[in-house]
Every structure is written in C-alpha cells, then in structure tokens.
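Its first residue numbered 1, the sequence shown is counted upward by one per residue in our numbering. For each residue, glycine too, the CB sits at the ideal point set by N, CA and C. To start, the structure itself, in structure tokens.
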Amino acid sequence: DHVRHTCCELKSSAVSVDVIACIAFATHASAAASAEPGEAAAYHEHLFVGVDFASTEEEISALLVLDLLNLGSGYKLQLAACQLGRYKHGEWGSAFVCMLEGTEAAARAGPLTAVRMAGWTIEQTETHFQLPAATSEQGEARAREVRAALVELNSLVTSALRSAGEALLARGHASGGALVLSLLRSPPHADDSPLESDGSPLPGNVGPARRTSLPLTAASLVETLASFLPPFNDVGTRREGAGLQGGRACSCAAGGGSTAAAWRAERAVPILKKAQLLTASLHARFGGVRGQLELPEWRLVGVERLTVAADPVLPAVLRAEGCLLYSDSLSQLVDGGMPVGGADETEIRASTIVACEVIRVALGEHRRGAGPASELAPGHGRKEGNPGPSVSASELDLLLWGVLGKSGKHRHAPRHITRGIWWH
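Put into structure tokens, the structure is as follows:
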C-alpha cells in the first residue's frame, strides 16, 4: 500500500485524473474484462519456451533477469531500424521482445548466477541481446546515430545485470532464484520491511530478520527486491516544490512503516513496477491457477494488493479514453515521440496507478451490481463499509495491456518513451 498511497497523495501538475471518465470507462470496459483475452491470458506460459532449466532456482533467476531488464521504450525506433525486437504482429522495435529473446539466449548458454551477472560484459550483451557494444564511424549519419543509441541501451542492460549480480553476491546469494527461494522458506517479519526501524540497511549479509511461522507476503517480496537489487528500485522524485495531498481518489488506508517514512522524507514516489511485475509473475507461474510447482508457499499472501504495472501502454490507453489528461507541454513531448523523464515521468506513472485504482473499484461495484462507484469523486475516497476493489491489479493490467492495448482503437495511441535503467 506504500506505492498506492503515495501515488494517490502526489500533487501532479503535468497529469490529472478524470475520475468521472474512469468510472465511465469501467462501465463499458466491464464487458471486455469478462471476454476471453486469448493469448494475453497465457502470458506467463509463453516465457522461456524451449529453455531447459535444470532447477526451479534457474527458472526463477531467468524470470528475475527478464523483469529487471524491463526497460528500453526510448529505443523503439532504433531497434526497429536494425530489425530487432519483432513482435508477434510483425512489427519491429519491441524492447520487451528484445529483452525476452536476449534473456532466453543467455539462459540457454548457462545458469544466470550471481557470479555470471556480476561479471557481465558489453560483449556478452552484444552476443545474447544483439545490441552493438561499440559505436562506429562508418556509414551514413543516421546509421551512426542508430548504432550509438543501441550502444547506450547495451550499456544499460550490462549495468543492470552487473549491479544486480554484485548486490546478490554482497548478500551471500548464489542467484536471484536463490534469493527468492530463501524468502519463501524463511519470510521476513510481519512489518514487511527489510530495513531497520530507522530506515537504514540491515547490517551484514544475512538479509532481513526472519519469522518462519508466517507466510511470505507479496508486499514483503516487492520491498525486499527493491531494497536489495538496485535495478528493481524504481522510485521517482516529486517535482521541486510539490508535496503530498489527500485529495486524489484512493482505495487504500494510509501507508505506514519505516520504508514509507523514508520515501516521504526524501520526496520519493515509489512505483516499484519491476518488483511488482516479478512478484505477480512468480505467483501466476508457480502458485496461480496454472501453477506447476508443488510448494504451497508460492501462493503469496496479499498479491491482490499489488498495483498495476504502469508501463507506457497503460497510460496511453487511459489517455485515449479520457481518464488521464496531460498538460500542453507534456502532450507535445508524448505526441512528438520525445523522451520523457524526471517529474513528468513520475507523474505519468503515479497518475496511471491512481486512475487504475478508481477503475478497479468501479469495476468491482459493477460486478457486484451496486451501480457506479460515484463515491470516488476527488476528496471523498472510499465510503465507510465499501469492501473495495474486487478486481485485482493483474486482471486490470491484463485488460489494459493485453486486450485493449492490442486492439485497433488503442494499438497506435501515442505512448511516452523514456531512457534509463529503471523505466520501460
């Protein structure tokens, strides 16, 4: 709830949420939510097809690498120019496809251990991800520019892998899979925080204090991933002079705990998309309805409290539906295909989460036959006794990203692009 609550409180000057439009969207989206989403529903089953993992630890490690490399939307045109990242519809330039194919190639070459990741080189990124390791003075100016951008992307991939590997080694974990399995077998304390009470890192390499009688919560896994592994710590910063407010629609109780306090003190806006995406992926792949693993602890407690994964597709769909309204300056950047960063990037992600919270509640009310969720007007929050959303973030994510985002109406809606190690 730290992510949800901070996003709901953020004073945004570049993006606003139209609550009425969100409720209206939820009403007509209910039919799409009930429809068979086809291939999108089996998303987790299409990852690493044909990769022969020797153990569950290896498979988890590969999933962890894929999600920590959830970046690269700002390089779409350059990827397309080199015919990289071909999506199933035949289009080139998908950073996700590029990262998936690269991670699969790396996993086929051997286990993605902490030692291997910590020693990762730009040459290995070039081999497995097909991203050039060095610029060239040959060819036309445009070709050199494209290559230079992909060299930059190579550097981001290499940096993400190295920093994660080094962090795993520093804490005594042989791989990302070993870290996750250690948490499953010996979950952190119930406060869900891997930090000391003052917000400082725990001493030594032993990780958070343990209480084996309690199951692992989704929130605990998210926060541990974000605090242990730098590429998972996607935390934005509020605009200079901007503060927090209580006026935006919110379906959660006030956030608490030492981690939330530290975020507030540092003007930070936690999004934690990658950590939440990995947590949801692990739950769906191993502990969900289609799960294959025999370990009961894979059914993470509180997975329904995760937020949506605020990637570029979701705000594009929501903006097209009138749920998100951009300032003139931000609209020019997004519609012109210019990179977006800083506070603008943070406000797009945070406002997407807020809008989706409104839609989740409205969809839940519609399913229960209670009429529109009109109590979610700004400044009112959730009515006393309202049971809250009955539609999970994963369900809504699937609807927006996997169904509507791939429809003819929204497929080509302008999506903001960004460059960096944390954002996709």
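Beta-bridge annotation (DSSP): Gly236 is paired with Val269. Excluding residues up to 5 positions away in sequence, Gly287 lie with their Cβ nearer than 6 Å to the Cβ of Arg299 in the same chain. Non-local beta-carbon contacts of Ala80 in its own chain, meaning distances under 8 Å to residues more than five positions away in sequence, involve Glu91, Trp92 and Gly93 in chain order.
Taking a cut-off of 8 Å for Cβ pairs, the segment 136-153 and the segment 68-76 touch, as three or more such pairs fall below it. Non-local beta-carbon contacts of Val157 in its own chain, meaning distances under 7 Å to residues more than five positions away in sequence, involve Leu69, Thr125, Phe129 and Leu131 in chain order. In this structure, DSSP gives Thr217 an extended state, which the three-state scheme calls strand. Less than 9 Å divides the Cβ of Thr6 from the Cβ of Ala268. Under the rule that a run must span 4 or more residues, no alpha helix (DSSP H) segment is found entirely inside the segment 140-167.
Residue environment analysis places Met338 among the exposed positions, since fewer than 16 neighbouring C-beta atoms fall within 10 angstroms of its C-beta.
Judged by their CB atoms, Leu306 and Val222 are nearer to each other than the 9 Å cut-off. Restricting attention to His412, Thr113 and Ser394, the CA atom closest to the CA of Ala316 is found in His412. In the structure shown, Leu282 falls within a helical segment according to DSSP collapsed to helix, strand and coil.
Separation of Val308 and Ser136 (C-alpha to C-alpha, rounded to the nearest whole angstrom) is 40 Å. Pro339 has Ile417 as its beta-bridge partners, per DSSP. Between Arg415 and Asp335, the alpha-carbon positions lie close to 8 Å from each other. At the C-beta level, Ala167 and Phe96 stay beyond 9 Å of one another.
Considering only Glu123, Leu47 and Cys8, the residue with the shortest C-alpha distance to Met99 is Leu47. Exposure of Val115 is indicated by the presence of fewer than 16 other C-beta atoms within 10 angstroms of its C-beta. Rounded to the nearest angstrom, the gap between the Cα atoms of Leu10 and Ser407 is 31 Å. When the five nearest sequence neighbours on each side are left out, the beta carbons in the same chain lying within less than 8 Å of the beta carbon of Leu400 are those of Val308, Val313, Leu314, Val317, Leu318 and Cys356, in order along the chain. Contact annotation, Ala226 with Ala275: C-beta distance approximately 5 Å; criterion of less than 8 Å satisfied. Within its own chain, the residues whose Cβ lies closer than 8 Å to the Cβ of Ser327, once the five positions on either side in sequence are excluded, are Ser13, Ala14 and Val15, listed in chain order. Under the DSSP assignment, Val317 falls in the alpha helix (DSSP H) whose first and last residues are Val313 to Ala320. It is roughly 48 Å from the alpha-carbon of Glu140 to the alpha-carbon of Cys8.
Val354 is classed as buried because its beta carbon has at least 16 other beta carbons within 10 Å across all chains shown.
The Cβ atoms of Ser394 and Val303 sit closer than 9 Å to each other. In the displayed model, Tyr87 falls within coil according to three-state DSSP, outside both helix and strand. Within the DSSP secondary-structure output, Leu225 pairs in no beta bridge. Residue environment: Thr121 is assigned as exposed (fewer than 16 neighbouring CB atoms within 10 Å of its CB, all protein chains considered). If you look at Ser182, you'll find it isn't in any beta strand (DSSP E); it sits in the alpha helix (DSSP H) that goes Gly176 to Arg185. Classified as exposed, Ala109 has fewer than 16 neighbouring CB atoms from the shown chains inside 10 Å of its CB. Comparing alpha-carbon positions, the option among Arg144, Glu59, Ala21 and Gln138 lying closest to Ser281 turns out to be Glu59. Per the C-alpha coordinates, the member of Thr279, Ile359 and His366 positioned closest to Leu64 is Thr279. Of all alpha-carbon atoms in Asp18, Thr352 and Cys22, the one lying nearest the alpha-carbon of Ile359 is that of Cys22. A distance of 9 Å or more separates the beta carbons of Gly236 and Arg419.
Remark: C-beta atoms of Phe25 and Glu347 do not approach each other more closely than 9 Å.
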